[in-house]
Amino acid sequence: MKKIILPLVAIAIGVTSCNKYLDINTDPTAPVPENVTSNLILPGVEMNLATSYGNFFRILGGYYSEQYAQLFGTSNYLDYSQFTTSQTRSSGTYTQLNTRVLNNLETIRTKSVSTSNWGDNLAATTLRAFALEALVDAYGETPYSEAWKKEILAPKYDNGDVVYKGILAELNEALSKVSDDTPVIESMLFGKSTSAEWIRFANALKLKILMRMSNVQDVKSELSALIAQNKFPTKDVAWDGIWANETGKANPYFQEEFAAYFGSNQKNVTLNLALLSVMENSNDARLVAFFDKNKDGKYLGGVSGTNYSTSKLYKAENFNRPAMRYDSPVYLITKSEVEFFLAEYYAKNGSAADAKTHYNNAITESFLSAGLQASDAQNIITGTYAYNNSNSTKLIGIQKWVALSGTNNFEAWCELRRLKYPTFGTVTGADIYNVANDVFKPELLAAGTLYTPIDVFNTLSKNQLLQRIRYAQSSTNANSNAPAVKPDTEPVFWAK
């Protein structure tokens, strides 16, 4: 069982945070690196990553993938619901990832190399690769090759494929220096452990990186070698069992959107009709695990692009909130995700039988992560979404989108952009809900399809996904080498 070391977080975050923007290569309020040990740095790194990835990116991904809609009367994320992106929205998260996560991970990596602590090096390199991949997946391009060098104050933005290749090489090098019994720093992710769990996490991350690259590059040999090792996580990789029902100690997403620690009871996020239609159509038992019932014990999906602010019929209590609790895990990668990637690999390169096995495993693991029984997955596995190799991409795409709706909405948005499923249907949000007349026709939406939001952002056309978020203003205002903002419709490299 993992040891709860949250009291250390305040120390670690306190000595590395800064209220104003910091260039990603410098942090004037950080302690002198040689005076702070890695075990004091890592807790702050983990919690800043949990906050940025497990809160901001999760909320954003939920709206952009049409798993979330905006609740009645509130407007905090109405812009996300309309597929809007701006340079200011992500500035704080971008700074947090670069200064409090990546900058401090580089310190741990430097220390570990100088002392030949290769387990620590693997842990820091794996978290670094995870954070950098997330930045590429969100923004498309990010500083990498010139970043975290004191002599370079305005690092260039590297293309996403360059970053992917770079972090893949870093992972391979770090893995080459360890074995299962190599000592490693204590973490909130794995507690007191050897390198065995970090090796499995790193391999799962490599699998995700390579599968995303596989759409645009030939990485079949690398994938084949990795999969042949069969050394992937034996349980979900998540910050779990470390949260408390207190300010600053709860799951970051819960604290942001569900808790009343700060005196606010504003509610924003609710279940989207697009997701509800799939889950109800297939009698999916995960619905009750992923979303709470409304006041009438029922489910009603909201429509992207509106907050029903003028409605007399559809109030907040009609809709369904995500089933988040103070101690809900913050997932980095699940067994279900790994199995979906393996199913996709075998569907394209191996046998249909292997693809079916891993597809069924992926769905089953999703049910288990939700606290349900393996038997509960049978109606999905044998029903509407039973595996068919000729339709594998659609089936994997839709079921992966459903599975991720309860664990990792940011990755759902990523895989939606890459796999292109679910696709847009024939109706729009305005067809489903008429704001002027307060008429709601959810039956118009075909199960397994998306729709153009009401008042969709003007840079997008009908039936278009938002493909990236705009470079953070906190970076472009301070970095003279920042490129011009790319169109919202331009895919990141792996989605082209």
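Note that numbering that gives the first Met the number 0 has the sequence shown beginning at 0, numbered continuously upward.
C-beta: ideal position from N, C-alpha, C; glycine also.
A distance below 6 angstroms between beta-carbons, with the five flanking residues on each side excluded, links Asp239 to the following residues of its chain, in chain order: Pro328.
For the pair Arg467 and Pro490, the CB atoms are nearer than the 9 angstroms cut-off.
Sorting Lys110, Asp119, Thr114, Leu104 by C-alpha distance to the C-alpha of Leu131 places Leu104 at the top. Ranking Ala402, Asn202, Glu65, Pro232 by CA distance to the CA of Ser223 puts Asn202 first.
In this structure Ile453 touches Val302 by the C-beta definition: roughly 6 angstroms separates them, less than 8 angstroms. For the pair of segments examined, the segment 332 to 346 was found not to touch the segment 300 to 315: the number of CB pairs separated by less than 8 angstroms stays below three. In this structure, DSSP gives Val287 a helical state, which the three-state scheme calls helix. For Tyr93, same chain residues with a beta-carbon under 7 angstroms away, outside a window of 5 residues either side, are Ala471, Ser473, Ser474 in chain order. The three-state secondary structure of Gly159, taken from DSSP, is helix. Proximity to Arg127 across Thr114, Ser144, Leu101 peaks at Leu101, based on C-alpha coordinates. Secondary structure of Pro142 (DSSP, three-state): strand. With 16 or more other Cβ atoms from the protein chains shown falling within 10 Å of its own Cβ, Gly61 counts as buried. One thing to note: Asp160 has its Cβ within 9 angstroms of the Cβ of Phe492. A direct Cα-to-Cα measurement between Lys207 and Asp136 gives close to 12 angstroms. With a beta-carbon spacing of about 21 angstroms, Ile184 and Lys230 fall beyond the 8 angstroms limit used to define contacts. Between the segment 250 to 265 and the segment 40 to 53, the count of Cβ pairs shorter than 8 angstroms is three or higher; the stretches touch.
When the alpha-carbon of Lys191 is set against those of Ala122, Asp157, Asp235, Ser144, the nearest one is in Ala122.
Between the segment 417 to 428 and the segment 306 to 322 there are fewer than three C-beta pairs closer than 8 angstroms, too few to call the two in contact. In the structure shown, Gln81 adopts coil according to DSSP, grouped into three states. For Tyr63, there is no enclosing beta strand (DSSP E); the residue is found in the alpha helix (DSSP H) stretching over 56 to 63. Looking at the DSSP output, Asn271 shares a beta bridge with Gly301. Straight through space, the alpha carbons of Asn282 and Asn293 are spaced by roughly 18 angstroms.
In this structure, DSSP gives Ala385 a state outside helix and strand, which the three-state scheme calls coil.
The DSSP assignment places 159 to 175 as complete runs of the alpha helix (DSSP H) inside the segment 156 to 195, in order along the chain (cut-off: 4 residues).
Inter-residue distance for Leu371 and Ala284 is about 8 angstroms (C-alpha atoms, whole angstroms).
For Gln69, no alpha helix (DSSP H) encloses it; the enclosing beta strand (DSSP E) starts and ends at 67 to 69.
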